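Peer 1: Numbering (the working numbering), first residue to last: 1 to 224.
C-beta atoms are modelled at their ideal positions from N, C-alpha and C, and glycine is treated no differently.
All values reported here derive from a predicted model rather than from experimental measurement.
Got a structure for you, written out below as structure tokens; questions coming shortly.
In structure tokens, the structure reads:
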């Protein structure tokens, strides 16, 4: 495959979606063919699974059920969107990928990591990101950002009260385990991961993301 695969990871409220949008604009300005996508989602089937996973009404969902739903969405996503784009030579930007499953369902929920890794390999069809941005932030600050975002969305739709999703409503300890898991993953794979402190202003974070992205492009695209 001639394309490159770049993912954005982090705990709730870290700002990864905002920074992925900034990366998209940066690449588009250089006339590079890009596909921007997300997990869970990215396909019709994936978006339906996303609605199930994030629905606050499904608070009784078992950890294994959660894991298998994510993997099902990922398998469809890889087959339908990610692999074709990479084979066409495009840069794929993805808001979450297989590392989220290791962090959330592995470190967060306590599912055996070897089991997750084997199932991930099946769902991803062997595809691994070339570059992963980990936006790191204290979980309390991240969750407060998520609450503020949800409140703004509720105000925009004239709903009363902030509507957090099923994960945002989980315990503080759950989110702390996820953050610790992400940091462990980054230490285990320092060539792929770039750790970006995300507690600063969006502009500060943007500068660090785009600086790293610029170096990545120079390494892989001679014409830039």
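Would you list the one or two residues that DSSP bridges to residue 34?
Peer 2: 91
Peer 1: Measure the C-alpha to C-alpha separation of residue 46 and residue 74 and round it to an integer number of angstroms.
Peer 2: 7 angstroms
Peer 1: At which residue ranges does the stretch 105-136 contain complete beta strand (DSSP E) runs of 3 or more residues, listed in the order of the chain?
Peer 2: 131-136
Peer 1: What residues in its chain sit with their C-beta under 8 angstroms from that of residue 116, if we drop five residues either side in the sequence?
Peer 2: 67, 101, 102, 105, 106
Peer 1: When you compare the CB positions of residue 6 and residue 129, do they come within less than 9 angstroms of one another, or not?
Peer 2: yes
Peer 1: Apart from the five residues on each side of it in sequence, which residues of its chain come closer than 7 angstroms, Cβ to Cβ, to residue 162?
Peer 2: For residue 162, the predicted structure reports a pLDDT of 45, less than 50, and the residue's modelled location is therefore unreliable. The matter cannot be settled from this model.
Peer 1: Within 8 angstroms, do at least three Cβ pairs link the stretch 77-87 to the stretch 183-192?
Peer 2: no
Peer 1: Would you say residue 102 lies against chain B (beta-carbon separation less than 9 angstroms)?
Peer 2: The displayed structure is made up of one protein chain only, and chain B is not part of it.
Peer 1: What are the start and end residues of each continuous beta strand (DSSP E) run of 3 or more residues lying completely inside the stretch 143-218, in chain order?
Peer 2: Along the stretch 143-218, the beta strand (DSSP E) occurs as fully enclosed runs of 3 or more residues at 193-197, listed in sequence order.
Peer 1: Could you pull out every unbroken beta strand (DSSP E) segment of at least 3 residues lying fully inside the stretch 44-71, listed in chain order?
Peer 2: none
Peer 1: When the Cα of residue 8 is compared with those of 86, 218, 192, which residue comes out closest?
Peer 2: 192
Peer 1: With the cut-off set at 9 angstroms, would you say residue 4 and residue 133 are in Cβ contact?
Peer 2: no
Peer 1: Using 8 angstroms as the cut-off, classify the Cβ of residue 216 as near or not near the heavy atoms of the ligand HEM, replying yes or no.
Peer 2: As presented, the structure is devoid of all ligands, the ligand HEM included, so that no description of it is given.
Peer 1: DSSP puts residue 10 in a beta bridge; with which residues?
Peer 2: 135
Peer 1: Using a Cβ-Cβ cutoff of less than 8 angstroms, which residues in the same chain neighbour residue 144 once the five nearest sequence positions on both sides are dropped?
Peer 2: Cβ neighbours of residue 144 beyond the five flanking positions: 13.
Peer 1: Mind reading off the beta-carbon distance from residue 83 to residue 125? Whole number of angstroms is fine, and I expect it under 8 angstroms.
Peer 2: 7 angstroms
Peer 1: Can you tell me the Cα-Cα spacing of residue 94 and residue 213, whole angstroms?
Peer 2: 14 angstroms
Peer 1: Rank 72, 166, 201, 108 by C-alpha distance to the C-alpha of residue 135 and give the top, closest one.
Peer 2: Considering only alpha carbons, the answer is 201.
Peer 1: Considering just the uninterrupted stretch of the alpha helix (DSSP H) at residue 96, what are its terminal residues?
Peer 2: Membership of residue 96 in any alpha helix (DSSP H) is not indicated, and neither H nor E is assigned to it by DSSP.
Peer 1: Shortest alpha-carbon distance to residue 166 belongs to which of 25, 19, 63, 91?
Peer 2: 63
Peer 1: Buried or exposed for residue 158, going by 16 or more other Cβ atoms inside 10 Å?
Peer 2: Confidence at residue 158 is low in this model, with a pLDDT of 45, below 50, so the placement of that residue should be treated as unreliable; the coordinate-derived value is given next. Result: exposed.
Peer 1: If we count the other Cβ atoms within 10 Å of its Cβ and call it buried at 16 or more, is residue 29 buried or exposed?
Peer 2: exposed
Peer 1: Based on the DSSP secondary-structure assignment, which residues constitute the bridge partners of residue 5?
Peer 2: 92
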